[in-house]
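Here's the structure, in structure tokens; my notes come after.
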Amino acid sequence: MSSTIKRILKKGLNLPLHLLKRYKTQSALTRLSSHKNRKLQAIAAALQESLAHNLSSQEQQSISLIEERRSFLLNSDKEIAKVDYGAGSSNSNRMGEQMNSGVRSTASISQITAVSKPQFWATVLFKLVRKLEPVSCVELGSCVGISASYQASALKINGKGAIVTLEGSDEIANLAKETFVSLGIENASVVTGPFHKTLGGVLETSKPIDFFFNDGHHDHDAVLKYFNQAMPYLSDAAVIVFDDISWSPGMRKAWNEIENDERVAASIDLGSIGMALVDKSMNTKERFMIPL
Ligand SMILES: C[S@@+](CC[C@H](N)C(=O)[O-])C[C@H]1O[C@@H](n2cnc3c(N)ncnc32)[C@H](O)[C@@H]1O
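Numbering (the numbering used here), first residue to last: 423 to 714.
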């Protein structure tokens with residue numbers, strides 16, 4: 423078969439698959455937006471506005487400034503030393519001891535910045551914060567402060583709330599602090615050190631936590647450990663966002679266990695990101711698959 427015919431066939435098959443995915447997304451979003459729970463309605467609105475690029479001029483202005491800072495960092499080939507308490511790459515198979523004591527290396531600022539949430543997903547976070555209007559937010563995994571800046575800017579526009587973000591590596595945490603200073607962000611603070619040493623104190627000072635973004639340690643046991651640790655410090659109706667739930671088989675397994683956890687009233691699987699609503703007033707258990 424000629425390559426032209428193959429290409430035409432592939433294109434012909436891709437279109438119905440694409441339309442089917444769009445139909446599934448739209449019908450799941452409609453189901454979510456007509457739910458009687460206000461937090462689920464707010465999540466639906468955040469997803470719909472992100473997909474439609476529906477931004478006010480104030481929102482657009484904040485996002486443009488953060489994206490300028492991202493571009494600046496992505497253009498820096500300066501090498502810095504760092505220590506990684508995370509899982510490394512999806513096939514690193516790091517041992518618990520290595521993750522506890524951290525792995526030292528050097529990398530360029532550009533390479534470090536490249537793992538930040540891309541603009542679309544950072545906008546989803548921004549819109550979630552705009553619609554859910556949390557007061558206390560915690561983030562695991564600051565990196566250079568891009569996703570935290572999105573959340574902090576949304577809180578600022580809301581007129582209330584603050585975010586504490588945790589980062590293991592001193593050198594990377596300094597870049598996050600510089601990001602906040604350069605953007606005039608005053609409602610975000612960075613706590614430096616491995617999560618197993620810092621999270622306990624942050625949970626105490628941030629409780630009750632309304633919005634928790636887990637984007638740090640991409641390891642099955644670590645995700646569940648920090649999920650369980652955070653649970654007693656959440657507000658009565660809190661949202662936890664888990665990044666990279668499809669990053670490795672271990673991360674998928676952790677997400678499946680979270681979805682099945684009896685304390686999770688509703689879960690929303692976006693493919694690469696998962697959201698769990700922990701709402702003590704809901705006695706149902708619901709799942710939404712919204713392939714984005
Ligand atoms: C994927 S990056 C975070 C990206 C950031 N949320 C963004 O989108 O702008 C994960 C960060 O978490 C940090 N990290 C991973 N595991 C950690 C741990 N166990 N303790 C402290 N920091 C950790 C890494 O150093 C890295 O900077």
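Glycine included, every Cβ here is placed at the ideal spot set by N, Cα and C.
- In the structure shown, the three-state DSSP call for N580 is helix.
- Secondary structure note for A467: its alpha helix (DSSP H) is the uninterrupted segment R460 to L473.
- Annotation for K504: the continuous beta strand (DSSP E) segment containing it runs E501 to D506.
- The continuous alpha helix (DSSP H) containing A598 extends over residues D592 to L605.
- Here the region 545-564 makes contact with the region 576-592; the two share three or more CB pairs at distances below 8 Å.
- Under DSSP, the beta-bridge partners assigned to I695 are D665.
- DSSP, reduced to helix, strand and coil, places E561 within a strand of the structure shown.
- Of all alpha-carbon atoms in A576, R526 and T528, the one lying nearest the alpha-carbon of T545 is that of A576.
- For the 8 Å CB-CB criterion, M673 and H639 do not form a contact.
- Of the other Cβ atoms in all chains shown, 16 or more fall within 10 Å of the Cβ of S484; this residue is therefore buried.
- With contact defined as three or more Cβ pairs closer than 8 Å, the region 628-638 and the region 596-607 are not in contact.
- Segment contact: the region 516-526 against the region 537-552, fewer than three CB-CB distances shorter than 8 Å; contact not assigned.
- In the three-state reduction of the DSSP assignment, R429 falls in the helix class.
- For the pair K461 and L656, the CB atoms are not nearer than the 8 Å cut-off.
- Non-local beta-carbon contacts of S628 in its own chain, meaning distances under 6 Å to residues more than five positions away in sequence, involve S558, V560 and V586 in chain order.
- A distance of 8 Å or more separates the beta carbons of I531 and C565.
- Here Q651 has L621, G622 and L625 as same chain residues with Cβ atoms under 8 Å from its own Cβ, once five neighbours each way along the sequence are excluded.
- Remark: the shortest separation between the CB of E679 and any heavy atom of ligand 1 does not fall under 7 Å.
- For the 8 Å CB-CB criterion, I502 and E593 form a contact.
- E608: not part of any alpha helix (DSSP H); DSSP gives it neither H nor E.
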